[in-house]
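**Student:** In our numbering, the protein residues as written are 15 to 935.
Where a beta carbon is used, it is the ideal one built from N, C-alpha and C, also for glycine.
The model shown is predicted, which means the values in this text are computed figures rather than measured ones.
Before I ask anything, here is the structure I am working with.
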RNA sequence: GGGAGCAUAGCUCAGUUGGUUUAGAGCAUCUGCCUUACAAGCAGAGGGUCCGCGGUUCGAACCCGUGUGCUCCCA
């Protein structure tokens, strides 16, 4: 079979994904194996997968594939989220472009458009998940608005309401004037701004001071007929909502104002001066205007002092009739006009810059208004306690823990009630039913509501129109917090087989930005409804940034298109690129260069395949070592004794191949163990690096070169078989990270029935440290000799004669063949004395002499050796100093002292070698 | 304002209970190679005041204090 020059991902990827799904490898049904369950953090249906998702899905796929290959019944549930606010905004926008006004549609008509939208974008997302190679169970796709899901959300709402954990009430909430809905505290993002502090004069009047017709509604600084109190405010446009001025009771400046009143500029409302320690006398003028309808702190003050609440804003952010002036104008426009008027009329006496933070809606970006509004809330305190304990007690482990544990704890310990109603249509409609007077009952259906109403209010309703359902829907997170349960129908059918088998799930992989929105609340819901954690481990990935460290955003245009990347580099390379630069929990700086590295790695694997395939038909069975037996690793000496082989010289020739095989097998075991530890610590990037290096450096650069037969030469069958086997093992290790190419090469290496995708990992054998050390020494010697060739300008094609002077010459005799091949030596001699007129190299205790025709630059050789000598002597010095320190010898552990002694001996031996080498020059 | 985290090679990061041959990797850089798997490659090299200062210790990249700089969360 002819293999292409380079690996071409596009063809193989589609073919293998189809094969895997046809074979049903990703399908999971409960069985006797232990489950490994992962639920996808549902991407919302508003868009396409961005690089953050790509990282996230890749991490999950690696964990799931690894589990599937390690004896677990792996189940990865895909799905998507209806994303109430975001989707509704997009649908409204889409309708607008079609010339349709949402307000002219009925709820049902609007939802029809929304579901069309969902089908379109849901499919785009699923297509991308597939292209990326994600091994999700496609028969378990769940959407948060699916019928069973919808019903379970309603069921939970009713249940929590009946338990008194959900209530309805008028509270200060965050209002999004663009989306015209309430938001939860978590949906508000604060941004630093440079605002202004405006100093305003309010005219003071006595308590009986009814405003007379003649009272001016302007003051001039020259006009001294009035007394004033000066307040400082950031929001002069809210003065029409002022219902008091508050000062600190201990503030001497204002003590005389007890019982006095002030007049709100422009609208002439008379408001009391109140006293409360809440006010900081140092801030501004020490006098605070109180606007209960538009500030949470003012609202609390208002409750305490029984102040009137005047809401001067409409839901869309324009001024309401209650504002009396600039009615219907946008809050920001009105603000400018009010400032101008205040200035003109002399009320504004000063303004200064002021650093502040302004709340923005996470979804619409609009500046959020604090607003009194009647909404539905979840009482969080009671739900929070078990969720806190689950993490604090270590039942749920967070990775990386040190970073997020404190954040998690703080939030739960200071949790506030959760506003869950949204003034939208896209979502689960709140199951509350009202009569004309506003009395309500909570029930699943209209019929049930009628019954409930009768019970609660003792009234028989005769006419169907008498109860109306709440028009609002629930916060999307109020549905997502049930995700790990309801994807297995754990809420709608709590005792079913699936939920009992798959729950709790194994690991949740998600972004750290939704720790409160989602993670904490899922734990609450899980603890409440199943009395069991929803997952054992939480793995937080970092944020994907561009290579300059900037957040990826549409406006910067620095967010690449996933499908284009896959087209250009292949899915494996994308997965490789994003994982190799993704240290656990840290932000990753995305650079296409790492995808290129992934593509190059594909190619390296491909070429290794080509090399091995070249040997396929060239195996030789004409050798004493042809029989591969279980004891093939026994030393030849042992075999001699047992009579298995009769003559050592006979096997000498293949000896070096055995060393290569021996070494690589142990190296494989060593890395397998390392990778296993990294998996358990979620250090996936590190694991990939280890596998990458094992394949590229150890397998391709060293092992394959060591066993490579000469031009037109045959390869021993045992060596060939072992090589193919090693290759397979490497592909298996790589498979969770790069599933497509590993499967492809696995099948090209050898005709076979099975698939790598579900091949089970072997038991990890311990690595023999002595063999590993021998391999390292060989590599070290080869590198040193190649370096010497380089430095002495020996062309790669020029052959050399190598003389080895070692007290332990047999070591080098055994690896002579490899050594000669690797440094292009035509002949290797073993000597007992220095060889004159040669390039000398000292490695550990051994000396090497390169005999060649070039003029030898003794001077630079000498310098090189002197430099090394100095280094060794300095090192020896520090060791001797340490050992000479009585307190070190007395206090340090015995093995540490022993180690230092060994260091000393080794350094002394190296120094001796170098000195002898120098003497021979 | 409160809290958390980080600072190691040009860049991105490892570095285990403080002792692992006077600090490692990948990428980038430099040198030499079109060597019959691979130039998307091969061989080799250079590169560090472990942020500054002080302390604990026989011994500190690691522990403590402090300063500086960056990032994030919360009000």
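Starting from the Cα of residue 941, find the closest Cα among 622, 627, 847 and give me that residue.
**Tutor:** As shown, the chain starts at 15 and ends at 935. That puts residue 941 outside it, with no answer to give.
**Student:** Anyone know if the C-beta pair for residue 470 and residue 455 falls short of 7 angstroms?
**Tutor:** It is a contact, given that the beta carbons lie within the stated cut-off.
**Student:** Please state whether DSSP places residue 866 in a helix, a strand or coil.
**Tutor:** Looking at residue 866 - three-state DSSP - the assignment turns out to be coil, as it is neither helix nor strand.
**Student:** So, is residue 308 buried or exposed, given that buried needs 16 or more other C-beta atoms within 10 angstroms?
**Tutor:** Per the 10 Å Cβ criterion, buried.
**Student:** Could you give the distance in angstroms between the alpha-carbon of residue 225 and the alpha-carbon of residue 284?
**Tutor:** Reliability of the predicted coordinates at residue 225 is poor, the pLDDT of 48 falling under 50, and no value is obtained from them.
**Student:** Over the uninterrupted alpha helix (DSSP H) stretch that includes residue 538, give me the two end residues.
**Tutor:** 535-544 is the extent of the alpha helix (DSSP H) around residue 538.
**Student:** Relative to the C-alpha of residue 368, which residue among 248, 824, 836, 692 is closest?
**Tutor:** It is 248 whose Cα lies nearest to the Cα of residue 368.
**Student:** Please name the residue, chosen from 76, 464, 429, that lies closest to residue 483 on a Cα-to-Cα basis.
**Tutor:** Residue 464 is the option with its Cα nearest to residue 483.
**Student:** On a CA-only basis, which of 758, 174, 134, 857 is nearest residue 31? Give me that one, please.
**Tutor:** When each option's Cα is compared against that of residue 31, the closest is 758.
**Student:** Quick one: is residue 831 buried, meaning 16 or more other Cβ sit within 10 Å of its Cβ, or exposed?
**Tutor:** Flag for residue 831 reads buried.
**Student:** Give every residue of the same chain whose Cβ lies closer than 6 angstroms to the Cβ of residue 364, excluding the five residues on either side of it in the sequence, and list them in chain order.
**Tutor:** Answer for residue 364: 213, listed in chain order.
**Student:** Do residue 486 and residue 435 have their CB atoms nearer than 7 angstroms?
**Tutor:** For residue 486 and residue 435, yes; Cβs fall inside 7 angstroms.
**Student:** Any contact of the stretch 717-733 with the stretch 98-116, i.e. 3+ C-beta pairs under 8 angstroms?
**Tutor:** Too few Cβ pairs lie closer than 8 angstroms, so no.
**Student:** What does DSSP give as the partner residues of residue 4 in its beta bridges?
**Tutor:** Residue 4 is absent from the model: the chain starts at 15 and stops at 935.
**Student:** Would you call the stretch 368-388 and the stretch 147-166 touching, i.e. three or more CB-CB distances under 8 angstroms?
**Tutor:** Touching, no.
**Student:** Use the C-beta contact count for residue 17: other C-beta atoms within 10 angstroms, 16 or more gives buried, fewer gives exposed.
**Tutor:** Exposed, by the Cβ-count rule.
**Student:** Taking residue 213 as part of the alpha helix (DSSP H), name the residues at either end of that continuous run.
**Tutor:** It is not in any alpha helix (DSSP H) - residue 213 instead sits in the beta strand (DSSP E) that spans 202-219.
**Student:** For residue 717, does the three-state DSSP call read helix, strand or coil?
**Tutor:** Three-state result, residue 717: helix.
**Student:** Exposed or buried, what is residue 632 when buried is set at 16 or more other beta-carbons lying within 10 Å of its beta-carbon?
**Tutor:** Counting Cβ neighbours within 10 Å, residue 632 comes out exposed, since fewer than 16 surround it.
**Student:** Roughly how many angstroms lie between the CA atoms of residue 710 and residue 618, to the nearest whole one?
**Tutor:** So the two alpha carbons sit approximately 7 angstroms from each other.
**Student:** Taking 7 angstroms as the cut-off, decide whether the C-beta atoms of residue 853 and residue 864 are in contact.
**Tutor:** Contact flag set, yes.
**Student:** Which of the three DSSP states is assigned to residue 18 in this structure?
**Tutor:** Correct three-state label for residue 18: coil.
**Student:** Please state if the CB of residue 563 and the CB of residue 600 are separated by a distance shorter than 7 angstroms.
**Tutor:** No. Outside cutoff.
**Student:** Do residue 543 and residue 523 come within 7 angstroms of each other at the CB atom, strictly closer than that value?
**Tutor:** No. Outside cutoff.
**Student:** For a test of the three-state rule: what should DSSP assign to residue 465, helix, strand or coil?
**Tutor:** Helix at residue 465.
**Student:** Can you tell me which of the three DSSP states residue 754 falls into?
**Tutor:** Residue state, collapsed to three classes: helix.
**Student:** Taking the alpha-carbon of residue 146 as reference, which of 815, 590, 207 has the nearest alpha-carbon?
**Tutor:** The shortest Cα separation from residue 146 among 815, 590, 207 belongs to 590.
**Student:** Taking the alpha carbon of residue 550 as the reference point, which residue from 577, 503, 498 has its own alpha carbon closest?
**Tutor:** Out of 577, 503, 498, 498 has the C-alpha closest to the C-alpha of residue 550.
**Student:** Between the Cα of residue 55 and the Cα atoms of 565, 134, 150, 38, which residue gives the shortest distance?
**Tutor:** Checked all of 565, 134, 150, 38; the closest Cα to residue 55 is 150.
**Student:** Where does residue 297 sit, in a helix, a strand or coil, going by DSSP?
**Tutor:** Residue 297 falls in the coil class under three-state DSSP.
**Student:** What's the call for residue 511, buried or exposed, on a 16-neighbour Cβ count within 10 Å?
**Tutor:** The residue in question, residue 511, is exposed, as its Cβ has fewer than 16 Cβ neighbours within 10 Å.
**Student:** Kindly confirm or deny that the stretch 73-90 and the stretch 43-50 touch, where touching means at least three C-beta pairs closer than 8 angstroms.
**Tutor:** A contact exists between the stretch 73-90 and the stretch 43-50.
**Student:** Considering residue 286, what are the terminal residues of the alpha helix (DSSP H) in which it resides?
**Tutor:** It is not in any alpha helix (DSSP H) - residue 286 instead sits in the beta strand (DSSP E) that spans 284-289.
**Student:** What is the rounded straight-line gap between the Cα of residue 197 and the Cα of residue 490?
**Tutor:** The straight-line gap from Cα to Cα measures roughly 11 angstroms.
**Student:** If we count Cβ pairs, one from each stretch, closer than 8 angstroms, do we get three or more for the stretch 581-589 versus the stretch 22-42?
**Tutor:** Yes: the two stretches touch, three or more of their Cβ pairs being nearer than 8 angstroms.
**Student:** Where do the ends of the alpha helix (DSSP H) carrying residue 946 lie?
**Tutor:** It is not possible to answer for residue 946, since the shown part of the chain is limited to 15 through 935.
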